[in-house]
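Protein chains: 2
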Amino acid sequence: MKKGDATRTAILDRGVELATQIGLEGLTIGRLASDLRLSKSGLFAHFRSKEALQIQVLDAAAERFVDEVVRPAVRHPRGEPRMAALFENWLAWTKTNSEPGGCLFVAAAAELDDRPGAVRDRLVELQKGWLDTVAIIFRTGVAERHFREDVEPDQFAHDLYAVMLGFHHASRLLRDPRAEDRAHAAFERLLSAARRLGARRESG
Amino acid sequence: MKKGDATRTAILDRGVELATQIGLEGLTIGRLASDLRLSKSGLFAHFRSKEALQIQVLDAAAERFVDEVVRPAVRHPRGEPRMAALFENWLAWTKTNSEPGGCLFVAAAAELDDRPGAVRDRLVELQKGWLDTVAIIFRTGVAERHFREDVEPDQFAHDLYAVMLGFHHASRLLRDPRAEDRAHAAFERLLSAARRLGARRESG
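Sequences listed follow chains A and B, in order.
So the first sequence is numbered by the working numbering: it starts at 216 and just counts up by one.
So the second sequence is numbered by the working numbering: it starts at 216 and just counts up by one.
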């Protein structure tokens, strides 16, 4: 890693944290510069525009997500074990990366859904990519004969996303002490409906 | 209805629309006054504080929600038909009341989840009341022997809420043309898991 890369990584790392706290829309070059005690002009040389900064912060958060959620999951056997690991990692991500502002992606979705532009476009791209990843992992479960062939992988991905949005809402807004149990129950119901009759159920 | 009540209703009505557009946090007495071409001091006499205005706007939106979603649903037979009507009305609400800012309650949840205070407290109260309403309607379905006794009504309510959050996300952020189909499929899966074996299925 070159010095410039390391600096950029450190800056983006702090950008992700700050965006989680104050929202992506609040993340300006000036705000990040003052937080990092760097000169605004120096930071401007790195990023050129607020939009470019926000897009790179989204990308950095997505890379973290892949490292913490996706990579450890694909080390599990294909099919249901891999999907279960993906779900647990995602839940852990949503819990640990959600203070104080909530999962950056969920918060950004609410901020940006009615604000056309390059930042929104990148968020949509990342979210669609994530749904595609879930659908692909579901397909490995069909190939392994864990999941039914007549369940549409994209619908499963959509439904799993909804489970996580429900968890985010119950834990963040309602402070429901059973939020995590409810998420597990919802995921189990989703899996039950997707399992092939006679497929091995995971114990535990 | 007295003249003062009518005025207040008209003001709050516009307040709900404006909050849907610009977010609840953006809704100040000054902003609403200039929008309505009323004097700020006159409006201040009605509401006293930004917080009080925001709370009354939430209450007015909740009243609308009851009128458009809950009341027409409870005219349907108890049990599954009533739950299905509730779902359809809720979906229609989310579609028609979501331009341009998204469903006021979903948007407010994202805005307020990390902002302690009276406005957040009222939002939580309203949301819990709504989840309780869903759970009560689910229980009528157990009494009618449409739904299983071993499905927890609060879990069903939580899961139905998650279906609607998934719809909101898919339609508002992803602009998924299949968002409504996906919501219907998710609801059908939720119902299937809740139905008693041998219970009559609704056709259509």
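Ideal Cβ placement from N, Cα and C applies to all residues, glycine included.
Residue i to residue j span [Cα, whole Å]
i: residue 223 of chain B; j: residue 243 of chain B; result: 16 Å
i: residue 231 of chain A; j: residue 279 of chain A; result: 10 Å
i: residue 263 of chain B; j: residue 234 of chain B; result: 18 Å
i: residue 328 of chain B; j: residue 273 of chain B; result: 15 Å
i: residue 319 of chain B; j: residue 292 of chain A; result: 42 Å
i: residue 337 of chain A; j: residue 408 of chain B; result: 36 Å
i: residue 294 of chain A; j: residue 300 of chain A; result: 10 Å
i: residue 365 of chain B; j: residue 246 of chain B; result: 50 Å
i: residue 275 of chain A; j: residue 226 of chain A; result: 10 Å
i: residue 255 of chain A; j: residue 248 of chain A; result: 5 Å
i: residue 277 of chain A; j: residue 341 of chain A; result: 7 Å
i: residue 362 of chain A; j: residue 376 of chain A; result: 18 Å
i: residue 355 of chain B; j: residue 401 of chain A; result: 22 Å
i: residue 287 of chain B; j: residue 303 of chain B; result: 10 Å
Integer-rounded CB distance, given that residue j should sit under 8 Å from residue i
i: residue 350 of chain B; j: residue 372 of chain B; result: 4 Å
i: residue 383 of chain B; j: residue 321 of chain B; result: 5 Å
i: residue 284 of chain B; j: residue 305 of chain B; result: 5 Å
i: residue 298 of chain B; j: residue 353 of chain B; result: 7 Å
Under the three-state DSSP convention, the category residue i falls into
i: residue 330 of chain A; result: coil
i: residue 360 of chain B; result: coil
i: residue 411 of chain A; result: coil
i: residue 238 of chain B; result: coil
i: residue 253 of chain A; result: coil
i: residue 392 of chain A; result: coil
i: residue 366 of chain B; result: coil
i: residue 338 of chain B; result: helix
i: residue 222 of chain B; result: helix
i: residue 355 of chain B; result: helix
Buried or exposed (CB count within 10 angstroms, at least 16 for buried), residue i
i: residue 406 of chain B; result: buried
i: residue 358 of chain B; result: exposed
i: residue 347 of chain B; result: exposed
i: residue 323 of chain B; result: buried
i: residue 326 of chain A; result: buried
i: residue 185 of chain A; result: With chain A covering only 216 through 419, there is no way to say anything about residue 185 of chain A.
i: residue 309 of chain B; result: buried
i: residue 257 of chain A; result: exposed
i: residue 238 of chain B; result: buried
i: residue 332 of chain A; result: exposed
i: residue 219 of chain A; result: exposed
Partners in chain E for residue i, counting only beta-carbon separations shorter than 7 Å
i: residue 334 of chain A; result: Absent here is chain E; the protein component of the structure consists of chains A and B.
Output the residue ranges of the alpha helix (DSSP H) runs that lie fully inside the segment 255–333 of chain A and measure 4 residues or longer, sorted by chain position. The segment 255–333 of chain A contains these whole alpha helix (DSSP H) runs: 255–262, 265–280, 286–289, 295–311, 319–327.
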